[in-house]
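Here the protein sequences come in this chain order: E and Y. For the record, in the first sequence the residue sitting at position 271 is 271 according to our numbering, with numbers rising by one throughout. For the record, in the second sequence the residue sitting at position 256 is 256 according to our numbering, with numbers rising by one throughout. Every residue, glycine too, gets a C-beta built ideally from N, C-alpha and C. Keep in mind that this is a model prediction, so the values were computed, not measured. Take a look at the structure below.
There are 2 protein chains.
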Amino acid sequence: MYPFSFQNPTRIEFGLDKEKEMGKYMHEYGAKKALIIYGSERVKQSGLFEDVAKSLREQGIEYIECGGVKSNPTISKVREAVAMAKAFGADSVLSIGGGSCLDSAKAIAAGACYDGDTWDFFKGTPVQKALMIFDVITLAATGSEMNWGSVITNEETQQKYSIHSNHLFPKVSVINPKLQATVSRDYLVYSAADIIAHSIEAYFTAEYRPEIIDFLVESNIKTVIRTTEILLNNPQDLNARGEFAWAATLALNGLTHLGISPYGFPNHMIEHSMSAISDVPHGAGLSVIMPAWMQWYQSQRPAQFKRFAKEIFGLDKAEDGIFALKAWFDKIDTPTRLEQLGIDNKTLAEIVENAAQTAIRAKVEKTYTKEAIEAIFALAK
Amino acid sequence: MYPFSFQNPTRIEFGLDKEKEMGKYMHEYGAKKALIIYGSERVKQSGLFEDVAKSLREQGIEYIECGGVKSNPTISKVREAVAMAKAFGADSVLSIGGGSCLDSAKAIAAGACYDGDTWDFFKGTPVQKALMIFDVITLAATGSEMNWGSVITNEETQQKYSIHSNHLFPKVSVINPKLQATVSRDYLVYSAADIIAHSIEAYFTAEYRPEIIDFLVESNIKTVIRTTEILLNNPQDLNARGEFAWAATLALNGLTHLGISPYGFPNHMIEHSMSAISDVPHGAGLSVIMPAWMQWYQSQRPAQFKRFAKEIFGLDKAEDGIFALKAWFDKIDTPTRLEQLGIDNKTLAEIVENAAQTAIRAKVEKTYTKEAIEAIFALAK
Numbered sequence: 001m002y003p004f005s006f007q008n009p010t011r012i013e014f015g016l017d018k019e020k021e022m023g024k025y026m027h028e029y030g031a032k033k034a035l036i037i038y039g040s041e042r043v044k045q046s047g048l049f050e051d052v053a054k055s056l057r058e059q060g061i062e063y064i065e066c067g068g069v070k071s072n073p074t075i076s077k078v079r080e081a082v083a084m085a086k087a088f089g090a091d092s093v094l095s096i097g098g099g100s101c102l103d104s105a106k107a108i109a110a111g112a113c114y115d116g117d118t119w120d121f122f123k124g125t126p127v128q129k130a131l132m133i134f135d136v137i138t139l140a141a142t143g144s145e146m147n148w149g150s151v152i153t154n155e156e157t158q159q160k161y162s163i164h165s166n167h168l169f170p171k172v173s174v175i176n177p178k179l180q181a182t183v184s185r186d187y188l189v190y191s192a193a194d195i196i197a198h199s200i201e202a203y204f205t206a207e208y209r210p211e212i213i214d215f216l217v218e219s220n221i222k223t224v225i226r227t228t229e230i231l232l233n234n235p236q237d238l239n240a241r242g243e244f245a246w247a248a249t250l251a252l253n254g255l256t257h258l259g260i261s262p263y264g265f266p267n268h269m270i271e272h273s274m275s276a277i278s279d280v281p282h283g284a285g286l287s288v289i290m291p292a293w294m295q296w297y298q299s300q301r302p303a304q305f306k307r308f309a310k311e312i313f314g315l316d317k318a319e320d321g322i323f324a325l326k327a328w329f330d331k332i333d334t335p336t337r338l339e340q341l342g343i344d345n346k347t348l349a350e351i352v353e354n355a356a357q358t359a360i361r362a363k364v365e366k367t368y369t370k371e372a373i374e375a376i377f378a379l380a381k
Numbered sequence: 001m002y003p004f005s006f007q008n009p010t011r012i013e014f015g016l017d018k019e020k021e022m023g024k025y026m027h028e029y030g031a032k033k034a035l036i037i038y039g040s041e042r043v044k045q046s047g048l049f050e051d052v053a054k055s056l057r058e059q060g061i062e063y064i065e066c067g068g069v070k071s072n073p074t075i076s077k078v079r080e081a082v083a084m085a086k087a088f089g090a091d092s093v094l095s096i097g098g099g100s101c102l103d104s105a106k107a108i109a110a111g112a113c114y115d116g117d118t119w120d121f122f123k124g125t126p127v128q129k130a131l132m133i134f135d136v137i138t139l140a141a142t143g144s145e146m147n148w149g150s151v152i153t154n155e156e157t158q159q160k161y162s163i164h165s166n167h168l169f170p171k172v173s174v175i176n177p178k179l180q181a182t183v184s185r186d187y188l189v190y191s192a193a194d195i196i197a198h199s200i201e202a203y204f205t206a207e208y209r210p211e212i213i214d215f216l217v218e219s220n221i222k223t224v225i226r227t228t229e230i231l232l233n234n235p236q237d238l239n240a241r242g243e244f245a246w247a248a249t250l251a252l253n254g255l256t257h258l259g260i261s262p263y264g265f266p267n268h269m270i271e272h273s274m275s276a277i278s279d280v281p282h283g284a285g286l287s288v289i290m291p292a293w294m295q296w297y298q299s300q301r302p303a304q305f306k307r308f309a310k311e312i313f314g315l316d317k318a319e320d321g322i323f324a325l326k327a328w329f330d331k332i333d334t335p336t337r338l339e340q341l342g343i344d345n346k347t348l349a350e351i352v353e354n355a356a357q358t359a360i361r362a363k364v365e366k367t368y369t370k371e372a373i374e375a376i377f378a379l380a381k
């Protein structure tokens with residue numbers, strides 16, 4: 001096994017009505033002045049915002065609010081909220097929403113403790129300090145609720161970049177499966193694709209992997225497939241909703257990446273260019289790129305692709321595993337072809353150019369040349 | 001899924017030579033005066049103690065030492081070390097050894113911050129405070145390196161009890177597979193039994209279990225079986241050693257108990273009476289009690305026992321899974337019958353009495369009556 005350091009200090013509060021305890025949790029950590037960040041006004045209409053805000057007031061925690069975070073969250077919204085947090089003297093950021101909202105909260109938390117522009121972090125400046133981060137996660141997908149990462153899009157430069165820092169672990173994340181039961185059918189299947197993408201990146205790209213880590217990845221994928229099918233029939237099945245959410249958390253909280261050899265995130269790298277340029281939902285971009293990338297890449301890890309086919313779908317041939325995953329995406333109705341995303345050849349050329357630039361930044365430009373990225377996209381037509 | 005709170009702040013440093021960084025890790029947490037606790041003099045003869053101690057001196061960390069911790073660690077040794085820690089003004093306890101040593105370190109850390117007798121905690125006084133805990137774990141089994149528990153034996157009262165507290169998570173645990181490669185053949189197989197025991201308790205006793213949790217438990221058991229067989233042939237296989245160690249950690253760091261309905265630790269409860277009275281190795285006691293308990297208990301969870309047979313051994317019948325586990329214990333040569341432990345009828349009667357008392361303390365006396373415990377032991381003859 002390869003050496004590793006692992007520490008994940010985030011406290012998870014999982015269960016019905018836990019969001020109503022948020023004020024209590026924040027009080028335990030000494031929070032007194034919070035910026036609440038959220039996305040759509042639905043969190044107000046549903047009463048969720050008020051349930052959480054009330055729990056803050058009961059603990060004497062003051063707050064201001066900033067709404068309107070969109071999926072593929074932008075640095076401009078982050079900058080707006082950073083200015084608000086600084087003016088207010090916030091000691092904490094509370095996200096009520098999905099992964100986009102929480103990723104924004106993390107960037108805001110770092111930006112509020114920094115004199116320069118928050119985008120500097122995404123260009124390489126290390127995060128030295130951050131406000132305390134809390135969240136009620138309303139959509140399971142990104143795993144942001146139990147990790148140290150944040151992905152933000154700079155809409156001016158069309159760069160979708162990530163930051164990572166120990167300062168960005170949430171203090172407390174609330175996962176209430178019932179709050180996730182109102183997610184639309186589309187976002188359920190996009191989320192399924194996202195969780196599977198988080199699972200397969202290192203699974204296929206790391207040359208050495210202890211089997212105990214493979215088991216964990218396969219557990220997450222099998223759980224997502226099983227529970228997605230249950231939820232498409234019955235969105236209110238809270239056990240399935242809970243397992244789906246927990247698979248999302250486990251897929252990217254560090255545990256699936258321990259003791260393995262170096263690995264990449266090529267599907268995410270390429271998809272980030274897709275959603276930066278054409279603003280497609282991240283999960284929809286991933287379900288298009290994944291089967292194509294797998295076909296393109298499989299010859300490099302034949303044994304692992306064979307294992308995937310067997311463990312996930314009970315099939316003997318590596319290629320059949322890839323087809324089965326694509327067929328499953330088709331079945332649950334998340335896109336598998338570029339044209340379903342409305343990406344034409346002109347846009348595609350921009351995406352390829354953008355991804356090739358990102359590959360240079362990620363130091364994988366020898367593998368992910370412009371030609372290679374074009375070849376992968378050709379398999380997604 | 002059932003509601004849960006989960007937080008595990010322990011930092012794991014996994015890999016070769018990580019023990020030589022212990023001083024650096026402790027310095028990061030502000031440690032200045034440590035009590036080093038260890039068991040056998042072998043940690044000195046091997047040079048391990050000096051490697052670790054040198055790293056402390058390099059960081060200006062003063063230390064005193066207390067050796068001689070035995071397996072089934074005793075409150076008398078803990079009391080001795082608590083007095084030393086208090087006199088020295090220690091701010092931290094560093095364990096260099098296996099689970100017994102680390103469990104002692106946890107009790108010492110709590111006792112050094114308490115005016116009364118350390119055994120009070122085991123009688124129910126909550127731990128309010130503890131010195132910082134660090135460890136180099138030289139035997140994988142108890143999972144103590146990433147959890148909040150400690151099990152100590154009061155040799156006067158013949159009580160083997162546990163405490164749990166958020167204050168007892170180690171700050172940093174070093175897992176170096178190479179340090180574990182010198183574990184004797186006997187302790188390897190006892191450890192295998194211990195990890196499997198940690199895995200099956202909630203697996204069989206919780207009525208409701210999300211499948212994602214079952215997958216994780218089964219991953220740990222399958223990993224232990226596979227890697228034990230590798231290690232019996234080649235104790236120096238460091239990949240297998242590492243996976244074995246990581247399975248031990250994952251089996252009892254909280255992750256396998258999330259979202260499930262209430263559960264018990266009956267095998268541990270009964271075994272603790274065995275090792276409290278007759279001082280058998282904990283894992284050896286467990287490999288005797290487990291197959292017997294499983295036979296006695298299986299009718300209460302037929303579906304789960306069927307699942308176990310299928311997932312772990314590829315067998316169709318529930319009972320065959322139990323026989324397969326017992327046969328595997330026989331194959332690796334860890335005891336499966338009381339007589340192999342040298343426990344005669346007189347001692348057994350004392351053990352039954354002790355376990356029945358513990359059952360009252362654990363509020364499971366309706367299920368684990370004296371007659372029930374006798375019936376379980378009858379299956380282990």
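- Relative to A110(E), the option among L35(E), Q159(E) and A240(E) whose CA is nearest is L35(E).
- For F14(Y), the nearest beta carbon of chain E is closer than 9 angstroms to its own beta carbon.
- Scanning S144(E), A112(E) and H164(E) for the CA closest to the CA of K123(E) turns up H164(E).
- Contact annotation: in the segment 240-254 of chain Y, residues whose CB is within less than 8 angstroms of a CB in chain E are G242, E243, W246, A247 and L250.
- Residue M1(E) holds the alpha-carbon nearest to the alpha-carbon of F14(Y) among T10(E), K18(E), R11(E) and M1(E).
- Collapsing the DSSP output to three states places L341(Y) in a helix.
- Listed by position along chain Y, the residues whose Cβ is nearer than 8 angstroms to that of F169(E) form an empty set, because the closest Cβ is around 10 angstroms away.
- Straight-line measurement puts the Cα of V224(Y) at about 52 angstroms from the Cα of G89(E).
- Secondary structure within the segment 163-229 of chain Y: the alpha helix (DSSP H) runs of 4 or more consecutive residues, fully enclosed, are 185-205 (chain order).
- H282(E) and V288(E) have their C-alpha atoms some 10 angstroms from each other.
- Burial state of D186(E) is exposed, judged by a 10 Å Cβ sphere holding fewer than 16 other Cβ atoms.
- If you check the CB distance, N8(E) and G254(E) come in under 9 angstroms.
- Judged by DSSP in its simplified three-state form, L56(E) adopts helix.
- In the DSSP assignment, C113(E) is bridged to no other residue.
- Of all residues in the segment 290-313 of chain E, none comes within less than 9 angstroms of chain Y when Cβ atoms are compared.
- Taking a cut-off of 8 angstroms on C-beta distances, the segment 254-273 of chain E touches the segment 343-357 of chain E, as three or more cross pairs fall below it.
- With distances taken between CA atoms, V183(E) lies nearest to P235(E) out of P235(E), S92(E) and G67(E).
- Going by beta carbons, K317(E) and P291(E) fall outside the 9 angstroms limit.
- Closer than 9 angstroms to the CB of K18(E) there is at least one CB belonging to chain Y.
- For F169(Y), the CB contacts under 6 angstroms within the same chain, skipping 5 residues up- and downstream, are P9, T10 and W148 in chain order.
- The C-alpha of D17(E) lies about 11 angstroms from the C-alpha of S55(E).
- For G149(E), the enclosing beta strand (DSSP E) covers residues G149 to N154.
- Under the three-pair Cβ rule at 8 angstroms, the segment 133-150 of chain E counts as touching the segment 97-107 of chain E.
- Rounded to the nearest whole angstrom, the CA to CA distance from E371(Y) to K381(Y) is 16 angstroms.
- Inclusion of Q295(Y) and I332(Y) in the CB contact set at 9 angstroms is not warranted, their separation being larger than that value.
- Within chain Y, the residues whose beta carbon sits less than 9 angstroms from that of F215(E) are F215, L216, E218, S219, N220, K222 and T223, listed in sequence order.
- Around the beta carbon of Y29(E), fewer than 16 other beta carbons sit within 10 angstroms, so the residue counts as exposed.
- Per the Cβ contact rule, the segment 64-78 of chain Y is in contact with the segment 34-50 of chain Y (3 or more Cβ pairs under 8 angstroms).
- Inside the segment 99-144 of chain E, DSSP marks whole beta strand (DSSP E) runs of 3 or more residues at positions 132-137, from first to last along the chain.
- Annotation: T228(Y) to E218(Y) spans about 15 angstroms, alpha carbon to alpha carbon.
- Interface annotation for the segment 115-144 of chain E against chain Y: empty, criterion Cβ-Cβ distance under 7 angstroms.
- S71(E) is not bridged by DSSP to any residue.
- Taking D117(Y) as reference, the option from M269(Y), S191(Y), A248(Y) and N154(Y) with the minimal CA-CA separation is N154(Y).
- Around the beta carbon of E19(E), 16 or more other beta carbons lie within 10 angstroms, which makes this residue buried.
- Put simply, of W119(Y), E374(Y) and I230(Y) the residue whose alpha carbon is nearest the alpha carbon of E156(Y) is W119(Y).
- The beta carbon of T358(Y) sits closer than 7 angstroms to those of M269, H272 and S273, all from its chain and outside the five residues before and after it, given in chain order.
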